[in-house]
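Chemist:
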Amino acid sequence: MSSDDRIKAQLMTARDLGRTLDRMAQQILEPIDPEGAQAPSDTFALVGMQTRGVHLARRLQTRVREQADIELPLGLLDVTMYRDDVRLRLEQPQIQTTRIPFDVTDRHLVLVDDVVFTGRTGRAALDALMDMGRPASVQFLTIIDRHHRELPIATDIVGREVPTLPDEEIRVRVQEVDEKDGVWLVQTPASRSTADTR
Amino acid sequence: MAESQPSAAPDRPAALRHRHLLDLSTYEADELRHLLDTAQEFRAVLDRPIRQVPTLQGTSVASLFFEPSTRTKLSFSLAAGRLSAETVSLSKSGSSVKKGETLKDTARNVEAMKVDVVILRHSSPGAPHFLARCTDSVIINAGDGAHAHPTQALLDVLTMRTHVDTFEGLNVSIIGDITHSRVARSNVQALNTLGAQVTLCGPETMLPVGMEDAMDVRTTTRLDAALEGCDIAMALRIQMERQDEGLFPSTREYHRQFGITTDHLRRHPDLLIMHPGPVNRGIELADAVVDHERAIILSQVTNGVALRMAVLYLLAPQRDEA
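Protein chains in written order, with my numbering: chain A, 1 to 198; chain B, 199 to 520.
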C-alpha cells in the first residue's frame, strides 16, 4: 500500500493463488446437491467483500461454473457503514457499492474476503447480511487467515493460515485492481500499525 | 525482484476538504461527486427491509430551525435516524429563542451539551457562516434566507444524475422567483461546478439585475425560450405572500406565462420536470404535470434522505480517542 512497506516474504505466487482458488471452488461445491433434494444449487450464493473479495468471489464464481456447470449468484458487500471503528479513523472511509441481487433469506452464503485478522470486518459483514434477511447459513472464506482474532469469528474455507506479528500486514493483490496476482507479507512502519483492523 | 513487488493501492479515495456545509460556492467538482457517490450508496439502504445502519452511533445531531420547514426538517431527522445518530431538535416557538436569546448563545448552549453537528435553518443570510466562526460544531446549512440551501441543490443534482449520463453540456432551466430563491442560487453553483448550463427564467420583477455577470447563467423572461433545448426544467414555488408585494399580478396570470403545462411536455418530449416542493398545483405546474411520469418530484424527496445521510456521514467529526 504505502511505499514505506518492507516486503518480508512472498506467500503466494500468481500460480499458487490460482490453485488455491481451484481448491476453494471445490470446497464451495461440496455441500451442494446437484440433484437438488437436500441443498439444491439455487439456494447457494457468493458474497464478495469490497474491494478485493469481490474480485476473488467473481473468480470463484467462474471456477464453480467451469467445474460443475453451476451458476452461483454473486453479491457485493461493503461493510463500511457497519464498522465499529468508522468514527475513529483519521478520515471518513469511502463507502463502496453494496449490491445483493438475490434474497438472502434461507440461502447458504459464502462470504469472501482476502484477509481475516481481528474478525471485526467479519462481524460487520454478518450484521450487514442480517439486516437484509435471514440466511440459512453463512460460511466465511478467506485467502489468508493471519490470526490475532479479537472477536469470536471463525473461518470455514481458508487458503492458507499464516501466523503473523501484529505489526506485519498481508497484501493480497489481484489482477483486476493491482495488475498482478499474489500474496505478500510486509512490515509496516511502527507509526501506522494501528489503523488497519482487518 | 521488481516482479514480486506488491503494487500500490488504487487511487486515494476522494474526500471532502470542507469541515462545514455552508454553501456550495467553494465546493469543487470532485467533492460534489464524492457526496453524490456516497449518497447513491445510502440510497440503496433505503430500499432494504431494515432501513437503518449503525454508522453514526454515538454522534449527536442538533437541528435548530428558526424558520418553518416540514420536509427539510423531516428529511434531516430521518437521515440522522437511519444512521443511528442521536438527534435533538429545537424550533423557534416554545424555546429560549422566543425569550430573546441570541443565535450565538443558543448555539453555544447546544454545543455545551456536547453536540457534534448542528443543522441550522435561519432567515438571515450568513447565519450558518457566523455560527461556524463562533462555535466548534460542524455546521450544516439547511437554508439561510435567500442565500443558500446546499442540501436541496445537492439532492436536485443527485436526482438529475440518475436520469442523465453527464452534466457536461446538460441544459437546466430554473423557472420562478429567482430573486428570493436560495434553491436557485445553490443549484446554479452546483450545476456550474459540474459543467451544466443553467438558464434562469421568471417575470422581470423576480429576476435580479446583473445575474448574468455574477454567475455563469443565461436569463430570460420568456418560458418558451427557457424550455427551448432544455433537458430539465425546475419550477420554483411561488410564495403567495409575495403577491402583496406586487411582484406578479395574479396567480392566474403567473400560470399563463410561467406555468408548465402538458402542452409543454408534448412539445418537448424528453423534458424532465423537477420542483423543490411544496408545489402549488395549477400555478407553477399544471395539475397533470405534477402527476406526469416525467415529473421526478417524489424521487427528489427520496433522494433527499439519502443525500442528507451522505452529508452527515462525510461531515460528522471523527472521535479523538483512537
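Just so it is clear, CB atoms sit at the ideal spot from N, CA and C, and this is done for glycine as well. All values reported here derive from a predicted model rather than from experimental measurement.
Mind checking which residues open and close the beta strand (DSSP E) that includes ARG517 (chain B)?
Modeler: Along the second sequence, one-based indexing puts residue 517 (chain B) at 319. Per DSSP, ARG517 (chain B) belongs to no beta strand (DSSP E) and is neither H nor E.
Chemist: Quick check: what's the CA-CA separation for GLU410 (chain B) versus GLU229 (chain B)?
Modeler: Within the second sequence, residue 410 (chain B) is the residue found at index 212, counting from 1. Within the second sequence, residue 229 (chain B) is the residue found at index 31, counting from 1. So the two alpha carbons sit approximately 25 angstroms from each other.
Chemist: For ARG383 (chain B) and GLU168 (chain A), I'd like the C-alpha separation in whole angstroms.
Modeler: Residue mapping note: residue 383 (chain B) aligns to position 185 of the second sequence, counting from 1. Residue mapping note: residue 168 (chain A) aligns to position 168 of the first sequence, counting from 1. Roughly 51 angstroms separates the two Cα atoms.
Chemist: In angstroms with no decimal places, state the Cα-to-Cα distance between VAL116 (chain A) and ALA242 (chain B).
Modeler: On the first sequence, residue 116 (chain A) is found 116 positions in, with the first residue counted as 1. On the second sequence, residue 242 (chain B) is found 44 positions in, with the first residue counted as 1. The straight-line gap from Cα to Cα measures roughly 27 angstroms.
Chemist: List, in order along the chain, the chain A residues whose C-beta lies closer than 8 angstroms to that of ILE248 (chain B)?
Modeler: Working through the second sequence from its first residue, we reach residue 248 (chain B) at position 50. What ILE248 (chain B) touches in chain A: ASP131, MET132.
Chemist: Quick one: measure Cβ to Cβ for LEU425 (chain B) and SER379 (chain B), integer angstroms, because I've assumed they're closer than 8 angstroms.
Modeler: The residue you call residue 425 (chain B) lines up with position 227 of the second sequence. The residue you call residue 379 (chain B) lines up with position 181 of the second sequence. The Cβ separation is near 19 angstroms, so there is no contact.
Chemist: For chain A, check one thing: does any of its Cβ atoms lie closer than 8 angstroms to the Cβ of GLN516 (chain B)?
Modeler: Sequence index remark: in the second sequence, residue 516 (chain B) carries index 318 (1-based). Taking Cβ atoms only, chain A reaches closer than 8 angstroms to GLN516 (chain B), which makes this a yes.
Chemist: Are the beta-carbon atoms belonging to CYS428 (chain B) and THR397 (chain B) less than 8 angstroms from one another?
Modeler: The residue given as residue 428 (chain B) occupies position 230 in the second sequence. The residue given as residue 397 (chain B) occupies position 199 in the second sequence. A contact, by the Cβ cut-off of 8 angstroms.
Chemist: So that I know if they touch, is there some Cβ in chain C lying closer than 8 angstroms to that of ILE95 (chain A)?
Modeler: In summary, chain C is missing from the structure at hand, where the protein chains are A and B.
Chemist: Under the assumption that LEU470 (chain B) contacts ILE430 (chain B) (Cβ atoms under 8 angstroms), give the Cβ distance between them as a whole number of angstroms.
Modeler: The residue labelled residue 470 (chain B) in the question sits at position 272 within the second sequence. The residue labelled residue 430 (chain B) in the question sits at position 232 within the second sequence. The Cβ separation is near 5 angstroms, so the contact holds.
Chemist: Could you tell me which residues DSSP puts in a beta bridge with GLU169 (chain A)?
Modeler: Numbered from its first residue, the first sequence carries residue 169 (chain A) at position 169. Looking at the DSSP assignment, GLU169 (chain A) forms a beta bridge with A:VAL186.
Chemist: Closest to GLU161 (chain A) by CA distance: which of A:LYS8, A:MET12, A:ILE7, A:ASP5 is it?
Modeler: The residue given as residue 161 (chain A) occupies position 161 in the first sequence. Considering only alpha carbons, the answer is A:MET12.
Chemist: In the structure shown, what three-state DSSP assignment does ALA39 (chain A) receive?
Modeler: Locating residue 39 (chain A) in the first sequence gives position 39, where the first residue counts as 1. Three-state result, ALA39 (chain A): coil.
Chemist: Cα separation between VAL487 (chain B) and VAL477 (chain B)?
Modeler: Locating residue 487 (chain B) in the second sequence gives position 289, counting from the first residue. Locating residue 477 (chain B) in the second sequence gives position 279, counting from the first residue. If you take the alpha carbons of VAL487 (chain B) and VAL477 (chain B), they lie about 11 angstroms apart.
Chemist: Would you please verify whether the beta carbon of GLY393 (chain B) is less than 8 angstroms from any beta carbon of chain A?
Modeler: The count along the second sequence starts at 1 and reaches residue 393 (chain B) at position 195. Output row for GLY393 (chain B): interface = no.
Chemist: Give me the residue from A:ASP156, A:ILE7, A:ALA125, A:ARG59 with the minimum Cα distance to ASP22 (chain A).
Modeler: For this step, residue 22 (chain A) is matched to residue 22 along the first sequence. It is A:ARG59.
Chemist: With 16 as the cutoff for other CB atoms within 10 Å, does SER335 (chain B) come out buried or exposed?
Modeler: Within the second sequence, the letter at position 137 stands for residue 335 (chain B). By the neighbour-count rule (16 or more Cβ atoms within 10 Å), SER335 (chain B) is buried.
Chemist: ILE481 (chain B) to PHE456 (chain B), Cα distance in whole Å?
Modeler: Here residue 481 (chain B) refers to the residue found at position 283 of the second sequence. Here residue 456 (chain B) refers to the residue found at position 258 of the second sequence. Distance between the alpha carbons of ILE481 (chain B) and PHE456 (chain B): 8 angstroms.
Chemist: Rounding to the nearest angstrom, what Cα-Cα distance links ASP16 (chain A) and VAL183 (chain A) in this structure?
Modeler: By 1-based counting over the first sequence, the position of residue 16 (chain A) is 16. By 1-based counting over the first sequence, the position of residue 183 (chain A) is 183. Answer to the nearest angstrom: the Cα atoms are 9 angstroms apart.
Chemist: Taking C-alpha atoms, which residue in A:LEU88, A:PRO31, A:ALA57, A:GLN61 lies nearest to GLN255 (chain B)?
Modeler: Counting from one through the second sequence, the residue named residue 255 (chain B) turns up at place 57. Of A:LEU88, A:PRO31, A:ALA57, A:GLN61, the residue nearest in Cα terms is A:LEU88.
Chemist: If you reduce the DSSP assignment to three classes, tell me which class ASN339 (chain B) lands in.
Modeler: Locating residue 339 (chain B) in the second sequence gives position 141, counting from the first residue. Here ASN339 (chain B) sits in strand by DSSP.
Chemist: Quick check for students: name the residue ranges of the beta strand (DSSP E) that lie wholly in the stretch 414 to 458 of chain B, counting only runs of 3 or more.
Modeler: 415 to 418, 430 to 433, all fully within the stretch 414 to 458 of chain B.
Chemist: Would you say the stretch 145 to 152 of chain A touches the stretch 111 to 129 of chain A, given that touching needs at least three Cβ pairs under 8 angstroms?
Modeler: They touch, by the three-pair rule.
Chemist: Quick check: the Cα distance between SER258 (chain B) and THR188 (chain A), rounded to an integer number of angstroms?
Modeler: Against the second sequence, residue 258 (chain B) aligns to sequence position 60. Against the first sequence, residue 188 (chain A) aligns to sequence position 188. Straight-line Cα distance between these residues: approximately 35 angstroms.
Chemist: Report the start-end ranges of each alpha helix (DSSP H) in the stretch 41 to 120 of chain A that is 4 residues or longer and not cut off at the edges.
Modeler: Whole alpha helix (DSSP H) segments, 4+ residues: 52 to 68.
Chemist: Taking the beta carbon of THR304 (chain B) as the centre, do at least 16 other beta carbons fall within 10 Å, making it buried, or is it exposed?
Modeler: For the purposes of this step, residue 304 (chain B) is identified with residue 106 of the second sequence, where counting begins at 1. The residue in question, THR304 (chain B), is buried, as its Cβ has 16 or more Cβ neighbours within 10 Å.
Chemist: Apart from the five residues on each side of it in sequence, which residues of its chain come closer than 8 angstroms, Cβ to Cβ, to SER497 (chain B)?
Modeler: On the second sequence, residue 497 (chain B) is found 299 positions in, with the first residue counted as 1. Within the same chain, SER497 (chain B) has close Cβ partners THR357, THR360.
Chemist: Could you give the distance in angstroms between the alpha-carbon of ARG217 (chain B) and the alpha-carbon of LEU513 (chain B)?
Modeler: Here residue 217 (chain B) refers to the residue found at position 19 of the second sequence. Here residue 513 (chain B) refers to the residue found at position 315 of the second sequence. Near 6 angstroms, if we compare the C-alpha coordinates of LEU513 (chain B) and ARG217 (chain B).
Chemist: Closest Cβ-Cβ distance between ALA260 (chain B) and chain A: below 8 angstroms?
Modeler: Sequence index remark: in the second sequence, residue 260 (chain B) carries index 62 (1-based). No, no contact with chain A.
Chemist: On the three-state DSSP scale, how would you describe HIS526 (chain B)?
Modeler: Nothing in the structure corresponds to residue 526 (chain B), since chain B is present only between 199 and 520.
Chemist: Would you check if the distance between the CB atom of SER273 (chain B) and the CB atom of THR285 (chain B) is smaller than 8 angstroms?
Modeler: The sequence position of residue 273 (chain B) within the second sequence is 75, counting from 1. The sequence position of residue 285 (chain B) within the second sequence is 87, counting from 1. No.
Chemist: Taking the straight line between their C-alpha atoms, what separation do you get for ILE248 (chain B) and HIS347 (chain B)?
Modeler: As a first step, residue 248 (chain B) is located in the second sequence; it is residue number 50 there, counting from the start. As a first step, residue 347 (chain B) is located in the second sequence; it is residue number 149 there, counting from the start. The alpha-carbon atoms of ILE248 (chain B) and HIS347 (chain B) are separated by roughly 30 angstroms.
Chemist: State the Cα-Cα distance for the pair GLY408 (chain B) and LEU74 (chain A), rounded to the nearest angstrom.
Modeler: Start at 1 with the first residue of the second sequence, and residue 408 (chain B) comes out as number 210. Start at 1 with the first residue of the first sequence, and residue 74 (chain A) comes out as number 74. One C-alpha to the other measures close to 55 angstroms.
Chemist: 8 angstroms is my cut-off, CB to CB: does THR188 (chain A) come that close to chain B?
Modeler: Indexing the first sequence from 1 puts residue 188 (chain A) at position 188. It does not: the Cβ of THR188 (chain A) has no partner Cβ on chain B nearer than 8 angstroms.
Chemist: Please list, in chain order, all residues of the same chain as SER137 (chain A) whose beta carbon is under 6 angstroms from its beta carbon, the five residues on each side excluded.
Modeler: Looking up residue 137 (chain A) in the first sequence gives position 137. Excluding sequence neighbours, SER137 (chain A) sits near HIS108.
Chemist: What's the call for ARG280 (chain B), buried or exposed, on a 16-neighbour Cβ count within 10 Å?
Modeler: For the purposes of this step, residue 280 (chain B) is taken as the residue at position 82 of the second sequence. Buried, by the Cβ-count rule.
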